[in-house]
Every structure is written in structure tokens, then in C-alpha cells.
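J.: In this text, residue positions in the sequence shown follow the working numbering: the first is 8, and each later residue adds one.
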Amino acid sequence: MNAHRALSAFCIAAGLMSVAPGAHALFEDDEARRAILDLRGRVQVLQQQTNDRLDELARRVERLEQGSRGQLELQSQIDAMRQEIARLRGQLEVQTNELVTLQRQMRDQMATVDTRIKRFEPVTTQLDGRTVTVDQAEQRSFEAALALFRNGDFRGALTAFQLFQGQYPDSPYMPSVLFWIGSSQFAMKDYKGAITSHQALIAKYPDNPRAPDALLNVGYAQAESGDRRAARSTLESVIAKYPQSQAAPLAKERLAKLPAR
Numbered sequence: 008m009n010a011h012r013a014l015s016a017f018c019i020a021a022g023l024m025s026v027a028p029g030a031h032a033l034f035e036d037d038e039a040r041r042a043i044l045d046l047r048g049r050v051q052v053l054q055q056q057t058n059d060r061l062d063e064l065a066r067r068v069e070r071l072e073q074g075s076r077g078q079l080e081l082q083s084q085i086d087a088m089r090q091e092i093a094r095l096r097g098q099l100e101v102q103t104n105e106l107v108t109l110q111r112q113m114r115d116q117m118a119t120v121d122t123r124i125k126r127f128e129p130v131t132t133q134l135d136g137r138t139v140t141v142d143q144a145e146q147r148s149f150e151a152a153l154a155l156f157r158n159g160d161f162r163g164a165l166t167a168f169q170l171f172q173g174q175y176p177d178s179p180y181m182p183s184v185l186f187w188i189g190s191s192q193f194a195m196k197d198y199k200g201a202i203t204s205h206q207a208l209i210a211k212y213p214d215n216p217r218a219p220d221a222l223l224n225v226g227y228a229q230a231e232s233g234d235r236r237a238a239r240s241t242l243e244s245v246i247a248k249y250p251q252s253q254a255a256p257l258a259k260e261r262l263a264k265l266p267a268r
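1) Express the C-alpha separation of residue 122 and residue 227 in angstroms, rounding to a whole number.
2) With a threshold of 6 angstroms on Cβ separation, who are the neighbours of residue 181 within its own chain once the five nearest residues in sequence on each side are excluded?
3) Residue 230 to residue 239, Cα distance in whole Å?
4) Where does residue 219 land, buried or exposed, given buried means 16+ other C-beta within 10 angstroms?
5) Roughly how many whole angstroms lie between the Cα atoms of residue 216 and residue 135?
6) Tell me which residues share the same chain as residue 163 and place their Cβ nearer than 7 angstroms to its Cβ, disregarding the 5 neighbours each side in the sequence.
7) Could you tell me which of 67, 190, 102 sits nearest to residue 204, measuring between CA atoms?
8) Do you know offhand how far residue 249's Cα is from residue 255's?
9) Between residue 173 and residue 234, what straight-line distance do the alpha-carbon atoms span, to the nearest angstrom?
10) Looking at residue 179: is its Cβ nearer than 9 angstroms to the Cβ of residue 140?
11) Buried or exposed, going by whether 16 or more other CB atoms sit within 10 Å of the CB of residue 95?
12) Determine the extent of the alpha helix (DSSP H) in which residue 155 is found, giving its start and end residues.
13) Runs of 3 residues minimum, wholly inside the region 193-232: which ones carry the beta strand (DSSP E) assignment?
14) With DSSP as the reference, please indicate the residues paired to residue 137 in a beta bridge.
15) By Cβ distance below 7 angstroms, which residues in the same chain neighbour residue 138 in space, the five residues on each side in sequence not counted?
16) Ordered along the chain, which non-local residues of its own chain (more than five positions away) have a Cβ less than 8 angstroms from that of residue 264?
17) Let me confirm a value: residue 4 is counted as buried when at least 16 other C-beta atoms fall within 10 Å, else exposed. Which label applies?
18) Looking at the secondary structure, which residues open and close the alpha helix (DSSP H) in which residue 174 lies?
19) So what does DSSP say about residue 128, is it helix, strand or coil?
20) Please report how far the alpha carbon of residue 266 lies from the alpha carbon of residue 244, in whole angstroms.
21) Rounded to whole angstroms, what is the Cα-Cα separation between residue 168 and residue 236?
22) Please classify residue 115: does DSSP put it in a helix, a strand, or coil?
23) Considering only the beta carbon of each residue, do residue 186 and residue 165 sit closer than 9 angstroms?
24) Using a 10 Å radius around the Cβ and a threshold of 16 neighbouring Cβ atoms, would you call residue 201 buried or exposed?
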């Protein structure tokens with residue numbers, strides 16, 4: 008078997024060697040040319056593939072570079088936005104604190120204004136059996152003057168009531184003011200002044216609940232000043248005009264103490 012194969016190989020080789028030299032050279036040129044063309048084709052394909060790959064890699068690199076730059080720019084923008092957000096939050100916190108402070112100040116101011124307004128708002132009070140409306144300052148002034156009288160400071164009370172008389176000439180307190188002015192004058196033994204003040208009350212406010220007491224005080228002042236005749240007449244008038252008043256029995260009592268005519 009091996010000898011047969013060797014013989015076959017020898018015959019093939021001999022046959023090839025017996026081919027004409029020109030034909031043999033042509034055969035070798037064609038083979039070489041095809042091999043070169045094939046190699047050139049493969050090289051061209053490889054070069055194209057390589058170029059395509061290089062182009063793809065270049066594009067990827069460019070995209071990566073652009074992406075990196077974009078990421079850097081994006082990161083920079085994000086950082087800037089974060090800083091802006093932090094700044095705005097800081098401003099918001101400051102403004103919120105300022106708003107809270109302003110609201111607190113506004114509440115305090117409104118409370119102060121409300122208090123001030125209430126100080127000037129009229130108040131309703133009972134005066135000589137009547138319901139009257141007076142200013143708070145007016146009420147305080149009257150009560151302060153009356154407190155002086157009750158504490159025995161008749162001169163201070165007289166000054167305070169006279170000041171009130173000038174400040175509030177149309178006050179509902181005016182009948183009482185005239186009464187206490189006359190009473191302060193009587194306590195200071197200014198009987199003439201007391202008579203004048205009480206008579207002014209009677210003339211201007213004849214139906215006032217204090218009118219009987221004012222007329223009684225006129226009789227007292229007349230008696231203390233030595234005008235017994237006038238005192239008697241006045242005390243009798245109290246009894247005649249105001250028989251149901253508390254002043255009537257006091258007038259009778261004082262009449263009984265007056266010397267006979």
C-alpha cells in the first residue's frame with residue numbers, strides 16, 4: 008500500500024515535470040496572480056474592517072469625550088443649582104423669620120392699638136339712677152376728683168372738679184360736678200361759693216336727683232353764713248318741693264335747730 012502510494016506520487020511528479028516549461032510558468036503565474044488578488048482582497052477587506060472599526064472607536068471616543076464634557080458641564084450646572092437652591096433656602100429662612108417677627112410685631116401693635124382704642128371708646132355707666140354713656144377719660148377724671156373729696160382733700164377736689172367742668176361742659180356728670188364743687192366749697196367754709204354752685208345746679212337741672220340735696224345744702228350754707236331768714240325759707244322750700252326726698256326730713260331737722268324769727 009505504501010509502495011503504491013509512492014509510485015502514484017512519483018508518476019504525478021513525473022507528469023508535472025514533463026509539462027512544457029512555458030505552460031508550467033504560465034500555471035505558476037496564474038496561481039500567484041490569483042493568490043495575490045485573493046490576498047489583496049482579503050487585505051482590502053481587513054483594511055476596510057479595520058478602518059470601520061477605527062472610525063467606530065473614534066466616534067465612541069468622541070462621544071465619550073463629549074459625554075465627559077457634558078457630564079462635567081452638567082455637574083457644574085447641578086452644583087450651581089444646588090448653590091442657588093441653598094441660597095434661596097437661606098433667603099426663604101430669613102424671610103420666614105422676618106415674617107414671623109413682623110407678624111408678632113403686628114399682633115403687638117394691634118393689641119396696643121386695640122387697647123388705645125378701647126381707652127377712648129365710650130362706656131356705659133349708672134349715674135344718679137340713670138344709664139349714661141361717657142368717655143373713659145371723662146369717667147376717670149370724674150372718679151379721680153371724687154376720690155380726692157372722699158379722702159378729705161377738698162381743695163384738690165375743688166380744683167379737679169373745676170378742671171373737669173372746663174374740659175367736659177356737656178358731660179352727663181355735670182350735675183354731680185356742680186354738686187361736688189358746692190360741697191367742696193362748703194367743706195372749706197366758702198359758703199357764698201357753695202350757695203352759688205348749688206343754685207347753678209338747681210337752675211340748670213331742676214329735675215336731677217341731686218336737686219333736693221343741692222337745695223338743702225344752700226339752706227345749710229345760708230344758716231352757717233348767718234342768714235337765718237334765707238336759710239329758713241330755703242329749708243321750707245326743700246320740704247315743699249321735694250316732700251318724698253331724703254332731703255326733706257333733714258330740712259325739717261335743720262329748721263328745728265334754727266332760732267325763732
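All residues carry an ideal CB built from backbone N, CA and C; glycine is no exception.
T.: If we stick to the structure as given:
1) Those two C-alpha atoms are separated by around 46 angstroms.
2) Excluding positions up to five away in sequence, the list is empty.
3) Roughly 8 angstroms between the two C-alpha positions.
4) Buried is the call here.
5) Rounded to the nearest whole angstrom, the CA to CA distance from residue 216 to residue 135 is 6 angstroms.
6) Excluding positions up to five away in sequence, the list reads 155.
7) In this structure, 190 is the residue among 67, 190, 102 with its C-alpha nearest to the C-alpha of residue 204.
8) Inter-residue distance for residue 249 and residue 255 is about 6 angstroms (C-alpha atoms, whole angstroms).
9) The straight-line gap from Cα to Cα measures roughly 31 angstroms.
10) Yes. Within cutoff.
11) The residue in question, residue 95, is exposed, as its Cβ has fewer than 16 Cβ neighbours within 10 Å.
12) Bounds of the alpha helix (DSSP H) holding residue 155 are 143-157.
13) Counting only runs of at least 3 residues, the region 193-232 fully encloses no beta strand (DSSP E) element at all.
14) Per DSSP, the beta bridge partners of residue 137 are 134.
15) Only residues of its own chain outside the window of five on either side were considered, and among them 131 have a CB closer than 7 angstroms to the CB of residue 138, listed in chain order.
16) Counting only Cβ-Cβ distances below 8 angstroms, and skipping sequence neighbours, we find nothing.
17) Coverage of the chain is limited to positions 8 through 268, which leaves residue 4 absent and any answer about it impossible.
18) Element bounds for residue 174: 161-174.
19) In the three-state reduction of the DSSP assignment, residue 128 falls in the coil class, being assigned neither a helical nor a strand state.
20) In this model, residue 266 and residue 244 are separated by some 18 angstroms (Cα to Cα).
21) Here the alpha carbons of residue 236 and residue 168 stand approximately 31 angstroms from one another.
22) DSSP places residue 115 in helix when its eight states are reduced to three.
23) Their beta carbons are not under 9 angstroms apart, which means residue 186 does not touch residue 165 by this criterion.
24) Buried is the call here.
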